[in-house]
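Colleague:
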Amino acid sequence: MSDWKGVYSEILSSYVGRYKEARGNSQLRNEILAEVKLEILKHEPEDSVGLPPHLRVVKHPFHQAIQRVFLPHLDPEDQDDKIAIIQHILAVTRKSWAESCEGEDAREEKACPTKAGDYKKAFMAFTVVQRIFKEEMDAYDRERRNTKDPKTIGQRNRIIQQWWESVSDERKAEAGRAVEKWNKLGAPKETHDS
């Protein structure tokens, strides 16, 4: 069985130059990764080696896999930056996976607000999913902008909205259940005693 990178090597190599030239422009690089993904999905062979199932469905691992293919072609400084980003995202993904193995109740309990002030306004699925999957959301943000540059903070809302749109229906449903519970129960009793 051959590797998917070998099957799609022609497509991948046709985008390496553009990806390399887009150094320092994470938005353009993400657009290039999205183009590569679409091109690969258009030309997926039926009888040969296709994409591994997790790459077909999930955006982040697919983009990371493509970045790993492009990595040897980048300048050494650019390689170091990309390696650090990929390692960080993998660590967050592993942590998120471990937390998802804890179960929905454990994640919800861990993210549940403890301050009475957090309950002033009714919760919405969008705000709850940001609490439950905070590490994943932050990794998505870091992947798409330079978080050390204060001038990019304005891009955060747009990026978080994109992340929300990419969240699976199961996770949105989990957030919806947490919304109902948190809105119904209100702030924990111990926050009222102070």
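If you count the sequence shown from 1, you need to add 975 to reach this note's numbering. Don't be surprised by glycine CBs; every beta carbon is placed ideally from N, CA and C.
Which same chain residues end up closer than 7 Å to residue 1153 when comparing Cβ atoms and leaving out the 5 residues on each side of it in sequence?
Modeller: Position 178 of the sequence shown, counted from the start, is the residue given in the question as residue 1153. Here the set comprises 1083, 1103 and 1107.
Colleague: Measure the beta-carbon distance from residue 1240 to residue 1120 and round it to whole angstroms, keeping in mind my assumption that it falls under 8 Å.
Modeller: Past the edges of the chain, shown from 976 to 1169, lies residue 1240, and the structure says nothing about it.
Colleague: CB residue 1010 to CB residue 983, shorter than 9 Å?
Modeller: For this step, residue 1010 is matched to residue 35 along the sequence shown. For this step, residue 983 is matched to residue 8 along the sequence shown. Taking 9 Å as the Cβ cut-off, residue 1010 and residue 983 do not qualify as a contacting pair.
Colleague: In three-state DSSP terms, what is residue 1169?
Modeller: Numbered from 1 along the sequence shown, position 194 holds the residue referred to as residue 1169. Its pLDDT being 49, under 50, residue 1169 is placed unreliably in this model, and the coordinates cannot settle the point.
Colleague: Can you give me the Cβ contacts of residue 1127 inside the same chain, cut-off strictly under 6 Å, excluding the 5 residues immediately before and after it?
Modeller: Counted from its first residue, the sequence shown places residue 1127 at position 152. So the list reads 1120 and 1121, once near-sequence residues are dropped.
Colleague: By Cβ distance, which residues of its chain are closer than 8 Å to residue 1033, with the 5 residues on each side in sequence left out?
Modeller: Taking the sequence shown and counting its residues from 1, the one referred to as residue 1033 is at position 58. With a pLDDT of 46 at residue 1033, under the threshold of 50, the predicted position of this residue should be treated as unreliable, and no value is reported.
Colleague: CB-CB under 6 Å to residue 1115, same chain, minus the five flanking residues each way: which ones, in chain order?
Modeller: Counting from 1 along the sequence shown, the entry for residue 1115 is found at position 140. If we look at residue 1115 and ignore the five residues flanking it on each side, its Cβ neighbours are 1138.
Colleague: According to DSSP, simplified to helix, strand and coil, what is residue 1127?
Modeller: For the purposes of this step, residue 1127 is taken as the residue at position 152 of the sequence shown. Looking at residue 1127 - three-state DSSP - the assignment turns out to be helix.
Colleague: Rounded to the nearest angstrom, what separates residue 981 and residue 1113 at their Cα positions?
Modeller: Counted from its first residue, the sequence shown places residue 981 at position 6. Counted from its first residue, the sequence shown places residue 1113 at position 138. Cα to Cα, the separation comes out at about 33 Å.
Colleague: If I'm right that residue 986 touches residue 1015 with Cβ under 8 Å, what's the distance once you round it to whole angstroms?
Modeller: Taking the first residue of the sequence shown as 1, we reach residue 986 at position 11. Taking the first residue of the sequence shown as 1, we reach residue 1015 at position 40. Confirmed, Cβ separation roughly 6 Å.
Colleague: I need the straight-line Cα distance from residue 1148 to residue 1095, nearest angstrom please.
Modeller: Position 173 of the sequence shown, counted from the first residue, corresponds to residue 1148. Position 120 of the sequence shown, counted from the first residue, corresponds to residue 1095. Distance between the alpha carbons of residue 1148 and residue 1095 is about 23 Å.
Colleague: Out of 1117, 1100 and 1133, which has the shortest C-alpha to C-alpha gap to residue 1156?
Modeller: Residue 1156 sits at position 181 when you count from the first residue of the sequence shown. Measuring from the Cα of residue 1156, the nearest candidate turns out to be 1100.
Colleague: Enumerate in chain order the residues of its own chain whose CB-to-CB distance from residue 1078 is below 7 Å, with the five nearest sequence positions on each side excluded.
Modeller: Against the sequence shown, residue 1078 aligns to sequence position 103. Contacts found: none.
Colleague: Tell me which same chain residues have a C-beta within less than 7 Å of the C-beta of residue 1048, skipping the five on either side of it?
Modeller: Within the sequence shown, the letter at position 73 stands for residue 1048. Result list for residue 1048: 991 and 995, in chain order.
Colleague: From the DSSP output, in three-state form, read off residue 1162 for me.
Modeller: Walking along the sequence shown from the start, residue 1162 turns up at place 187. Residue state, collapsed to three classes: coil.
Colleague: Under three-state DSSP, which class holds residue 1102?
Modeller: As a working mapping, residue 1102 is identified with position 127 in the sequence shown. The answer is helix: DSSP assigns residue 1102 an H, G or I state.
Colleague: Taking all protein chains shown into account, do 16 or more other C-beta atoms lie within 10 angstroms of the C-beta of residue 1170, making it buried, or fewer, making it exposed?
Modeller: Missing from the structure shown is residue 1170; the chain here goes from 976 to 1169 and no further.
Colleague: If we ignore side chains and look at the alpha-carbon of each, how far apart do residue 1003 and residue 997 end up?
Modeller: In the sequence shown, residue 1003 corresponds to position 28, counting from 1. In the sequence shown, residue 997 corresponds to position 22, counting from 1. Rounded to whole angstroms, residue 1003 to residue 997 spans 6 Å at the Cα level.
Colleague: Where do the ends of the alpha helix (DSSP H) carrying residue 983 lie?
Modeller: If you number the sequence shown from 1, residue 983 lands on position 8. Taken as a continuous stretch (DSSP letters only), residue 983 belongs to no alpha helix (DSSP H), as it is neither H nor E.
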